[in-house]
Ligand code: HEM
Ligand SMILES: [Cu+2]
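Shown next as structure tokens:
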């Protein structure tokens with residue numbers, strides 16, 4: 001039994017290679033469960049959007065496309081800095097790894113900040129379901145349904161961002177201590193996968209929620 | 001059976017002492033025991049509700065409890081049994097213990113995640129119990145909307161939180177199994193050399209990973225609708241109740257296979273060992289597990305024939321439902337073919353396996369009745385359905401669980417159980433089971449609806465039979481609990497391979513050391529290759545190890 005003396009090798013694995021493969025397969029399966037998780041929501045959304053296309057478009061008009069658009073750009077940029085962070089780890093470049101991790105975290109926080117501003121606007125306009133929701137017009141119930149999905153989906157997405165920022169902060173501390181190198185960068189790589197996944201969810205959410213009303217003139 | 005005396009040596013049970021060494025363990029074998037204790041407790045809780053239900057149904061009038069209480073009883077019975085006993089029982093107890101041992105690994109791929117899964121399970125279970133103590137739930141284990149989301153005044157959201165958390169525990173276990181089976185097999189252990197139990201757990205894990213998140217999000221939406229009073233599934237508020245049923249059954253039909261596939265895996269092991277033959281059509285049985293996992297996702301709407309599905313939709317789902325019976329039938333056929341001309345020994349685990357095959361066949365055939373549209377419309381929501389799913393789940397899954405527990409007990413505890421008592425227990429359970437649930441087929445066929453606390457007088461005889469059977473069944477379940485605990489202390493010590501079986505788990509001492517194998521085994525033989533002389537040599541060698549270790 002070839003047991004390496006490396007400190008990062010857990011006792012029940014035979015080699016770093018095996019450990020790396022196991023972690024990355026685990027991450028992919030975790031992402032599959034995430035897809036199914038969001039998939040249930042997307043299904044519900046699509047069903048109601050098909051039943052009430054006009055109302056959903058109307059609800060969509062009340063979202064701030066500018067802020068949503070800025071956030072999309074912010075998130076795509078963060079995907080780039082994350083990819084660069086992984087690359088820095090692979091090249092054993094500790095300094096640039098730290099810099100790119102910090103940039104990614106900052107971009108993530110920016111996204112969350114803008115999201116919070118948006119939520120604040122909705123609160124002010126009484127568009128938060130369950131918290132004094134009020135909407136003039138005959139279809140108020142269905143507009144509320146739209147906002148249920150809006151808050152549930154973007155809220156869940158934001159929660160994933162918060163978790164991601166937390167993970168990246170831990171990685172940042174470990175990176176500062178010099179844990180990662182070309183020999184061992186699995187955690188950075190896996191966090192990267194997760195981050196990209198969360199970004200991709202947003203890439204679906206943005207058109208579904210913000211843009212569906214563009215071509216339909218709501219009343 | 002070879003029983004030998006060995007000196008005390010270090011194993012996973014005595015490697016470390018104290019409650020902390022158990023609660024913080026990352027050893028898959030110890031976590032399996034944590035699960036064993038906890039699912040047994042939940043089984044007991046669910047059983048108490050079953051007793052109360054059967055007591056109420058002893059007489060035609062509702063004289064023991066009121067309708068609302070009865071609704072809570074069958075709901076909490078169903079919730080506890082399904083989510084906190086049947087789903088975790090075989091994977092989390094036997095699977096956790098055996099997956100690494102059977103594939104020659106030192107542990108599961110993510111030991112800490114495994115421990116976390118137990119904590120999620122316990123947390124979810126405690127929350128569910130809290131809901132029960134606070135006043136219970138009355139929606140039925142299916143939580144149909146809009147009743148559950150808008151009208152019920154009971155502890156729906158709390159119960160849902162409990163189930164939600166325990167769902168994460170299954171997801172963690174499933175993820176761990178898939179990665180472990182993919183990446184940590186011993187050298188030479190190719191996919192087609194894997195024990196069939198491993199194949200079945202692999203397929204089960206795939207279902208868990210794909211299905212559980214969907215039911216988790218669905219139940220979460222019900223809770224949101226309840227708490228915020230917004231319309232998602234309640235038609236009065238603009239929602240769609242059928243959407244709930246689609247999402248719910250997308251998980252919950254496959255969930256019946258989460259319960260029964262691992263059971264089938266156990267049966268394959270038992271049948272091979274106690275007839276001393278390779279499983280007839282090994283590859284067919286392995287692929288049948290995968291086929292069940294795939295097809296299981298295509299038939300959910302057969303639970304919705306009377307819920308307002310379009311006629312064409314119903315016909316398609318009826319047709320597809322017949323398909324999913326095919327892989328199950330393949331398995332039954334192959335077990336029977338394996339038994340044919342095998343040298344069968346009628347030891348306790350084998351008795352359970354026979355029980356499984358018989359009861360599962362009855363349950364499965366009545367499932368075909370239910371899958372055919374016309375009959376389903378007649379018997380839906382009657383005791384016919386209750387009998388059907390108890391034959392599958394109690395007759396199938398629990399028989400296999402107990403069979404497996406007896407079969408691997410020497411490995412788990414290092415001790416043999418008293419064979420005479422064990423045989424008696426198996427017999428009592430079999431008799432009690434049939435007396436309890438067979439009359440329910442008749443009741444359902446005659447038109448007794450389920451979920452009512454009172455019934456017309458003419459149904460009383462059959463109901464009394466059923467309640468009498470339930471008390472016998474209860475005694476049957478207590479027996480193993482008593483003598484297994486007894487055997488932990490007083491049973492004769494078990495050798496490493498008491499049956500003699502072929503799997504890797506039998507090539508390490510009983511109970512195994514913490515690291516499972518002193519040396520990573522190298523597999524050069526096919527699965528279930530029974531070659532008596534070589535086997536004895538292997539066992540002989542291991543015994544020498546036992547004493548020197
Ligand atoms: C020990 C003897 C048992 C008896 C006497 C018993 C009795 C019953 C009865 C009478 C019902 C029907 C309630 C109704 O629909 O009106 C029921 C429902 C149910 N039982 Fe059992 N049961 C037993 C064991 C089990 C076990 C061991 C499990 C699972 C491990 C189980 C799972 C269920 C489920 C899931 C339901 C459906 C609950 C619902 O309709 O919401 N039962 N049981
Ligand atoms: Cu089904």
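Protein chains in written order, with the numbering used here: chain A, 1 to 219; chain B, 1 to 549.
Don't be surprised by glycine CBs; every beta carbon is placed ideally from N, CA and C.
query: Could you tell me which of B:455, B:462, B:48, B:421 sits nearest to residue 435 (chain B), measuring between CA atoms?; result: B:462
query: Could you tell me which uninterrupted alpha helix (DSSP H) segments, each at least 4 residues in length, are contained entirely in the region 74 to 143 of chain B, listed from first to last along the chain?; result: 96 to 103, 111 to 134
query: Need the endpoints of the alpha helix (DSSP H) that residue 480 (chain B) sits in, please.; result: 460 to 490
query: In the structure shown, what three-state DSSP assignment does residue 53 (chain A) receive?; result: helix
query: Pairing CB atoms from the region 329 to 343 of chain B with CB atoms from the region 388 to 397 of chain B, are three or more of them under 8 Å?; result: no
query: Looking at C-alpha atoms only, which residue of A:210, A:34, A:186, A:200 is the closest neighbour of residue 89 (chain A)?; result: A:186
query: Spell out the partners DSSP gives residue 382 (chain B) in its beta bridges.; result: B:449
query: What does residue 129 (chain A) touch in chain B if you count any residue whose Cβ is under 8 Å from its own?; result: 228, 230
query: Quick one: give me the first and last residue of the alpha helix (DSSP H) that residue 404 (chain B) is part of.; result: 399 to 413
query: Quick one: is residue 33 (chain A) near chain B, going by C-beta distance under 7 Å?; result: yes
query: Go to residue 95 (chain A), then tell me how far its alpha helix (DSSP H) extends in each direction, as first and last residue.; result: 94 to 124
query: Could you tell me which chain A residues have their CB closer than 7 Å to the CB of residue 107 (chain B), listed as they occur along the chain?; result: 12
query: Between which two residues does the alpha helix (DSSP H) harbouring residue 199 (chain A) extend?; result: 186 to 205
query: Would you mind telling me which residues of chain B sit closer than 7 Å to residue 89 (chain A), beta carbon to beta carbon, in chain order?; result: Per Cβ cutoff of 7 Å: no residues; residue 89 (chain A) is ~22 Å from chain B at best.
query: From what residue to what residue does the alpha helix (DSSP H) around residue 299 (chain B) run?; result: From DSSP, residue 299 (chain B) is part of no alpha helix (DSSP H); its letter is neither H nor E.
query: In terms of alpha-carbon separation, which member of B:73, B:412, B:331, B:219 lies closest to residue 516 (chain B)?; result: B:412
query: Do residue 35 (chain B) and residue 92 (chain B) count as a contact pair if the criterion is CB distance below 7 Å?; result: yes
query: Using a Cβ-Cβ cut-off of less than 8 Å, list which residues of the region 135 to 152 of chain A approach chain B; keep chain order.; result: 141, 142, 144, 145, 148, 152
query: Less than 6 Å between C-beta atoms, sequence neighbours within five positions excluded: which residues of the same chain meet that for residue 181 (chain A)?; result: 92
query: Using 7 Å as the limit for Cβ to Cβ distance, is residue 551 (chain B) near chain A?; result: The structure shown does not extend to residue 551 (chain B), since chain B spans only 1 to 549, so no value can be given for it.
query: Can you tell me whether DSSP reads residue 8 (chain A) as helix, strand or coil?; result: coil
query: Tell me the DSSP secondary structure of residue 276 (chain B) in three-state form.; result: coil
query: Given that residue 240 (chain B) touches chain A, what residues does it touch there, using C-beta distances under 8 Å?; result: 47, 48, 51
query: Taking C-beta pairs closer than 7 Å, name the residues in chain B that residue 26 (chain A) reaches, listed in chain order.; result: 109, 110, 175, 179
query: Out of curiosity, what's the CA-to-CA distance linking residue 545 (chain B) and residue 20 (chain B)?; result: Since pLDDT at residue 545 (chain B) reaches only 41, below the 50 mark, its modelled position is unreliable, and the value read off the structure follows with that caveat. So the two alpha carbons sit approximately 30 Å from each other.
query: Is the region 400 to 409 of chain B touching the region 349 to 361 of chain B, taking contact as three or more C-beta pairs under 8 Å?; result: yes
query: Where does residue 116 (chain A) land, buried or exposed, given buried means 16+ other C-beta within 10 angstroms?; result: exposed
query: Taking 7 Å as the limit between beta carbons, can you name the residues of its chain near residue 361 (chain B), skipping five residues before and five after?; result: 332
query: Could you tell me which chain E residues have their CB closer than 7 Å to the CB of residue 21 (chain A), listed as they occur along the chain?; result: Within the model displayed, chain E is absent; protein chains A and B are what it includes.
query: Distance check for residue 87 (chain B) and residue 35 (chain A), CA to CA, integer angstroms please.; result: 22 Å
query: So is residue 484 (chain B) buried or exposed if we call it buried at 16+ other beta carbons inside 10 Å?; result: buried
query: If you measure between the beta carbons of residue 199 (chain B) and residue 328 (chain B), is that distance less than 7 Å?; result: no
query: Say whether chain A places a C-beta atom closer than 7 Å to the C-beta of residue 545 (chain B).; result: Caution applies to residue 545 (chain B), whose pLDDT of 41 falls short of 50 and renders its modelled position unreliable; the value that the coordinates give is listed next. Closer than 7 Å: no.
query: Going by C-alpha distance, which of B:208, B:245, B:425, B:193 is nearest residue 522 (chain B)?; result: B:193
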